[in-house]
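Structure record follows, encoded as structure tokens.
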Amino acid sequence: MFNYQLPVIGFAAFSGTGKTTLLKSLIPLFRADGLRPGVVKHAHHQVEFDVPGKDSYELRKAGAGQVLLASERRWALMAEEPEGVEPELPELLDRLDYRVLDLVLIEGFRHLPFPKIELHRPSLGKPLLFETDESIIAIACDGPLSRACHLPQLDLNDPPAIVDFIHDYCSHFIRGVY
């Protein structure tokens, strides 16, 4: 496991289980608690963040290794990576501005060792991940598990209970309300 200045909690599941849907419901609950969550999301495919024809896109395509696009309400940094070289999660976490965050939620990177909540839907017929991943700290599911589990089990359809679990799990952090 790696160390980071903030609590880091991941969500591990097979595609189509509802990771993004769950995160979209958790983030407003954390905000209502006065926390400032950040998210790191892994994509398994080529993603184009910029719009062809726009200045920032054209500057990046011309060879700029990094293009920072800023406006009154937001900014974005687009960085080119050598083909076939995927950034490591600790490197990505170091790029976040931890001064404006209290918690980092991670979608994906399920094969790396950091605290994760497994999302499981028995109806999808996918195997459980906790049996081969010691960094899974709980399972959020929408039905009974097919085998015994020593980990805390959460209701995947009860985001407030998942937020409470994360609060409890992260309570050893001093920053913010943790």
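The C-terminal position of the sequence shown is numbered 1104 in my numbering, with every residue numbered one higher than the one before it. Glycine residues also receive a C-beta, built at the ideal position from the N, C-alpha and C atoms. Since we're looking at a predicted model, the values are computed, not measured.
Apply the 10 Å Cβ neighbour rule to residue 1098 and answer buried if 16 or more other Cβ atoms are within range, or exposed otherwise.
Exposed, by the Cβ-count rule.
Looking at the structure shown, is residue 1095 part of a helix, part of a strand, or coil, going by DSSP?
Taken through DSSP and simplified to helix, strand or coil, residue 1095 comes out as helix.
Could you check whether residue 1041 and residue 935 sit closer than 7 Å to each other, using their CB atoms as the reference points?
Yes, Cβ-Cβ distance for residue 935 and residue 1041 is below 7 Å.
Along the chain, where does the alpha helix (DSSP H) containing residue 1052 start, and where does it finish?
Bounds of any alpha helix (DSSP H) do not take in residue 1052, whose DSSP letter is neither H nor E.
Helix, strand or coil: which one does DSSP assign to residue 933?
The DSSP-derived three-state label of residue 933 is coil.
Please list the terminal residues of the continuous beta strand (DSSP E) segment that includes residue 976.
Per DSSP, residue 976 belongs to no beta strand (DSSP E) and is neither H nor E.
Please classify residue 1055 as buried or exposed, where buried requires at least 16 other C-beta atoms within 10 Å of its C-beta.
With 16 or more other Cβ atoms within 10 Å, it is buried.
Per-residue DSSP class, three states only, for residue 1082
Residue 1082 sits in coil when the DSSP states are folded into three classes, being neither helix nor strand.
Along the chain, where does the beta strand (DSSP E) containing residue 1016 start, and where does it finish?
Where residue 1016 is concerned, there is no enclosing beta strand (DSSP E), although the alpha helix (DSSP H) it sits in stretches over 1015-1021.
Inter-stretch contact (C-beta, 8 Å, three-pair minimum) for the segment 993-1003 and the segment 1059-1076:
Too few Cβ pairs lie closer than 8 Å, so no.
Please state if the CB of residue 937 and the CB of residue 1052 are separated by a distance shorter than 7 Å.
Going by C-beta atoms, residue 1052 is not nearer than 7 Å to residue 937.
Got a sec, what are the start and stop residues for the alpha helix (DSSP H) residue 984 sits in?
Where residue 984 is concerned, the enclosing alpha helix (DSSP H) stretches over 981-987.
What is the DSSP secondary structure of residue 1072, counted as helix, strand or coil?
It is coil, neither helix nor strand.
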